[in-house]
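Student: Please see the structure below; I have some questions.
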């Protein structure tokens, strides 16, 4: 079964993260499938808008921690993992010269938050919840979250949101400026399709050039930040706090870092 389902309708390519039994958590294969699907959509002239959403009741819960746990005893670099997976994915979303919409149908956290923030527009169901997630397992925000989150909601709110590691509602996300629109859950996909159709009928080449201008103005150091996140993550990996956080997460307990 594909871990990313791709469907084209009325010039809109919808990419659905498809691990609902794992809260659509990213494993390596899923990330690579998403990269390939985005590349196909970018190169297809019939595609004029892209939508990313999740199967079931979750958008994306971030990195699959069980996969992370399985490599703890191996000589695998978190930095290299980011270079091969999340870093190119986030850059890809920002660099594709077509509108990309995140239809946030439920919980979003960690790298899933990074993917959503990298999209051009974010439309959320009213029952969605947002969590930064990284600090709860003793890691720093990656997947561009360290840059994109404060860019959208301001440094003060981003700091409190990240340090507390507490979820916020879709209503709060809207008031903070993290998302563009809030919809009843059963209206999320119809409204997203309507907005995607409107964008598809617009000057998409101009939209692409506008993305490039926004990237130059607001995110000129995105690639550098992604690389720095990887450096910090490699350091965090070796800390006791990370081991405590992962162990508590897998046991569904509150970590005790003190």
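Numbering (the numbering used here), first residue to last: 16 to 273.
Where a beta carbon is used, it is the ideal one built from N, C-alpha and C, also for glycine.
Consult DSSP for residue 119 and reduce its assignment to one of helix, strand or coil.
Tutor: Strand at residue 119.
Student: What would DSSP say about residue 269, mapped onto helix, strand or coil?
Tutor: The answer is coil: DSSP assigns residue 269 none of H, G, I, E or B.
Student: Can you name, in chain order, every residue of its own chain whose Cβ lies under 8 angstroms from the Cβ of residue 61, other than the five neighbours on each side?
Tutor: Contacts found: 23, 26.
Student: Who are the Cβ neighbours of residue 167 in its own chain at under 6 angstroms, not counting the five residues just before and after it?
Tutor: Once the five neighbours on either side are set aside, the close Cβ partners of residue 167 are 192, 193.
Student: Output the residue ranges of the beta strand (DSSP E) runs that lie fully inside the segment 108–153 and measure 3 residues or longer, sorted by chain position.
Tutor: As far as the segment 108–153 is concerned, its whole beta strand (DSSP E) runs of at least 3 residues are 115–119, 122–124, 136–140, 144–146.
Student: Per DSSP, residue 18 forms a beta bridge with which residues?
Tutor: Per DSSP, none; premise fails for residue 18.
Student: Taking the alpha-carbon of residue 156 as reference, which of 93, 43, 264, 16 has the nearest alpha-carbon?
Tutor: Ranking the options by Cα distance to residue 156, first place goes to 93.
Student: DSSP on residue 196, reduced to helix/strand/coil?
Tutor: The answer is strand: DSSP assigns residue 196 an E or B state.
Student: For residue 37, which residues in the same chain have their Cβ closer than 7 angstroms to its Cβ, ignoring the five residues on either side in sequence?
Tutor: Excluding residues within five positions, the ones whose Cβ falls inside 7 angstroms are 79.
Student: Can you tell me whether residue 28 is buried or exposed, with buried defined as 16 or more other CB within 10 angstroms of its CB?
Tutor: Buried is the call here.
Student: Among the residues of its own chain, which have a CB less than 8 angstroms from the CB of residue 230, if the five just before and after it don't count?
Tutor: Around residue 230: 109, 110, 237.
Student: Keeping to the same chain, check which residues put their C-beta closer than 7 angstroms to that of residue 134; ignore five residues upstream and five downstream.
Tutor: Correct list, in chain order: 67, 108, 115, 116, 117.
Student: Where does residue 169 land, buried or exposed, given buried means 16+ other C-beta within 10 angstroms?
Tutor: Residue 169 is exposed by the Cβ-count criterion.
Student: Within 10 angstroms of its Cβ, does residue 207 collect 16 or more other Cβ (buried), or is it exposed?
Tutor: It counts as buried.
Student: Could you pull out every residue in the same chain whose Cβ sits closer than 6 angstroms to the Cβ of residue 264, ignoring the five residues on either side in sequence?
Tutor: Cβ neighbours of residue 264 beyond the five flanking positions: 80, 152.
Student: Does the separation of the CB atoms of residue 119 and residue 138 fall below 8 angstroms?
Tutor: Yes; because the gap between Cβ atoms is below 8 angstroms, this pair is in contact.
Student: Quick check on residue 41: buried or exposed, where buried means 16 or more other Cβ atoms within 10 Å of its Cβ?
Tutor: That one is buried.
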